[in-house]
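Worksheet for the structure shown next.
In the numbering used here, the protein residues as written are 7 to 235.
Structure representation (structure tokens):
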């Protein structure tokens, strides 16, 4: 796969790796690739990180036809960089894509894209204890149309974020709230897919748990709300 690389002319100042939180800092570049029925996945590029232009009618905004993944790269003691099971993430992304009627992305294209992007931004991979480079691939529908149907056009993007621990408590016991009102999944739904709508529907429970002092939720079954999922 040919990837056109355009490097930033204004590199950002990096945060002290010992002070990293989760998901607030982003590297200098991002990967972008387009899809249409005539050309398939094409126009692979690495560009300076920044805003993207989409029609207000882009279908992702209205019907949430999108998927995403999350994986990490680590700086080893010898200075090299290692990914954690990226092929498993590529396969899971395609399982999610199938459920959301999004065209599959070849596993090797996925791997080549993330390797190329991390190579460009390799200086952003932190080396402090408990830190890593979080990799967020995502795919979304871009057809400018407000009727309900499967989109014909998509973007596949990857952004990178140097991170510390996900929870502020770090590797400490986490207090969990048993949620018996809202449900995370329903039979026949999209629970197996890693898509934004699943997470949006969990926010009300998350807010409730947070106000009660809990960091995480233990979800129960959607039918009787008494069995652990």
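Note that the Cβ used here is the ideal one computed from N, Cα and C, for glycine as well. Since this is a predicted model, take the numbers as computed values, not measurements.
With fewer than 16 other CB atoms across the displayed protein chains lying within 10 angstroms of its CB, residue 88 is exposed.
Here the alpha carbon of residue 116 sits roughly 14 Å from the alpha carbon of residue 102.
Comparing alpha carbon positions, the residue from 38, 155, 93 and 79 closest to residue 168 is 79. Assigned with DSSP and collapsed to three states, residue 106 falls in coil, not helix or strand. The beta carbons of residue 95 and residue 118 sit no closer together than 8 Å. Distance from residue 55 to residue 165 at the Cβ level is roughly 7 Å; contact confirmed, criterion being Cβ atoms closer than 8 Å.
Cβ contact annotation for residue 100 (same chain, cutoff 8 Å, sequence separation greater than five): 110, 111 and 113, in chain order. Per DSSP, the continuous beta strand (DSSP E) segment holding residue 164 begins and ends at 160-169. In the three-state DSSP reduction, residue 60 falls in the coil class, being neither helix nor strand.
The region 45-64 makes no contact with the region 184-197; the number of CB pairs closer than 8 Å stays below 3.
Here residue 129 carries a helix assignment [DSSP, helix/strand/coil]. Ranked by Cα distance from residue 44, the options 86, 154 and 160 are led by 160. Note on geometry: alpha-carbon atoms of residue 10 and residue 147 lie some 22 Å from one another. Residue 182 sits close to residue 223, with the two beta carbons spaced by under 8 Å.
Scanning the region 178-212 from its first residue to its last, the whole alpha helix (DSSP H) runs of 4-plus residues come out as 202-206. By the criterion of a C-beta distance shorter than 8 Å, residue 122 is surrounded in its chain by 9, 11, 37 and 52, once the five residues flanking it on both sides are discounted.
Counting every other CB atom within 10 Å of its CB across the protein chains shown gives residue 184 a total below 16, marking it as exposed.
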